[in-house]
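Using the UniProt record's numbering, the first residue of the sequence shown is number 1, and each one after it goes up by one. Written out below as structure tokens is the structure these notes cover.
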Amino acid sequence: MISAKEIKDISDIIDLLRPIEASTKELFGQKYITSSMVIPMIYMMVKNISQFKPTQELGIQFKKEILFHCEKRFGSVESVALLSIATVLDPQHDEAKPFNLWQEHESMVQKSTRRRRQLQSDDIGFPNELNLYLKSSVARLSDNPLHLWKDMKSVYPILSNIAIKYLSIVATSVPSERLFSKAGLTLSNQRNRLTPKHLNKLLFLQSLDDTLWSL
Numbered sequence: 001m002i003s004a005k006e007i008k009d010i011s012d013i014i015d016l017l018r019p020i021e022a023s024t025k026e027l028f029g030q031k032y033i034t035s036s037m038v039i040p041m042i043y044m045m046v047k048n049i050s051q052f053k054p055t056q057e058l059g060i061q062f063k064k065e066i067l068f069h070c071e072k073r074f075g076s077v078e079s080v081a082l083l084s085i086a087t088v089l090d091p092q093h094d095e096a097k098p099f100n101l102w103q104e105h106e107s108m109v110q111k112s113t114r115r116r117r118q119l120q121s122d123d124i125g126f127p128n129e130l131n132l133y134l135k136s137s138v139a140r141l142s143d144n145p146l147h148l149w150k151d152m153k154s155v156y157p158i159l160s161n162i163a164i165k166y167l168s169i170v171a172t173s174v175p176s177e178r179l180f181s182k183a184g185l186t187l188s189n190q191r192n193r194l195t196p197k198h199l200n201k202l203l204f205l206q207s208l209d210d211t212l213w214s215l
């Protein structure tokens, strides 16, 4: 029989793990841009964990351990050039969802937008394209960053090429691992005569969205 104290311990642990679960699900995606999410997701994850106040001793110790390992693994993530460039060049910002690490980030975006408007008449010391881009308004969540940069190529010819290069990178190895798993399931003992060419076509067809099959 679970005691009342154990229930409180479990409740603290679940609340501490919830930001980690949310960030993991976001970064493991393969049908949207993820490289630009790493820095803001880690920042919001650590901030949410830091602000949570456990009621039990086990929860307090667990929180310290999580924050220690977050600092150890992700303390210098903002110094990673690839991730920093991808974050800056992603014009979209997530909208608030039911328990989502972006809820507070949305208010930060609004504050940043107000600061950008104040800088409209000032030169902030960057090259012309970057200066103009940093002063522009943020995009909606429903907008695809790659499509946006394709449309903005005439305005930002240099930045658009850089953005497409960095935003195309996936944040984790999960998508490739999923592909290998699908390949292993497709190329079974009963289908061992499949050629690499046909296997490639089958994997491509499996990757298509259901909406595309109705076209």
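Backbone N, C-alpha and C fix where the C-beta goes; we use that ideal spot for every residue, glycine too. Values in this document were obtained by computation on a predicted structure and should not be read as measured data.
Grouping DSSP H, G and I as helix and E and B as strand, with all else coil, what is residue i?
{"i": "TYR156", "result": "coil"}
{"i": "ASP209", "result": "coil"}
{"i": "MET1", "result": "coil"}
{"i": "ARG191", "result": "helix"}
{"i": "SER121", "result": "Below a pLDDT of 50, predicted positions are generally treated as unreliable, and SER121, at 48, falls in that range; the measurement from the model is reported next regardless. In this structure, SER121 counts as coil in the three-state DSSP scheme."}
{"i": "GLY29", "result": "coil"}
{"i": "ASN144", "result": "coil"}
{"i": "ILE169", "result": "coil"}
Would residue i and residue j be called neighbours here (beta carbons separated by less than 8 Å)?
{"i": "ILE42", "j": "TYR166", "result": "no"}
{"i": "VAL77", "j": "ILE49", "result": "no"}
{"i": "LEU82", "j": "ASP12", "result": "no"}
{"i": "LEU199", "j": "LEU185", "result": "no"}
{"i": "GLN30", "j": "PRO196", "result": "no"}
I need the straight-line Cα distance from residue i to residue j, nearest angstrom please.
{"i": "LEU130", "j": "LEU148", "result": "16 Å"}
{"i": "ILE10", "j": "MET1", "result": "14 Å"}
{"i": "SER181", "j": "HIS69", "result": "30 Å"}
{"i": "ILE164", "j": "LEU146", "result": "6 Å"}
{"i": "LEU202", "j": "SER137", "result": "41 Å"}
{"i": "VAL80", "j": "ARG178", "result": "26 Å"}
{"i": "ASN144", "j": "GLN56", "result": "43 Å"}
{"i": "LYS47", "j": "GLY75", "result": "13 Å"}
{"i": "ALA22", "j": "THR87", "result": "19 Å"}
Does the distance between the C-beta of residue i and the nearest non-hydrogen atom of the ligand FMN fall short of 7 Å?
{"i": "SER181", "result": "No copy of the ligand FMN occurs in the structure displayed, which carries no ligand at all."}
_With three or more C-beta pairs closer than 8 Å as the rule, is the segment 143-155 touching the segment 9-25?_
Taking 8 Å as the limit for Cβ pairs, the verdict is that the segment 143-155 does not touch the segment 9-25.
_Check whether the segment 171-178 and the segment 29-36 touch, using three or more Cβ-Cβ pairs below 8 Å as the test._
Flag = yes, the segment 171-178 and the segment 29-36 touch.
*Please determine if the segment 197-214 and the segment 56-66 are in contact, where contact requires at least 3 C-beta pairs separated by less than 8 Å.*
With the cut-off at 8 Å, the segment 197-214 and the segment 56-66 do not touch.
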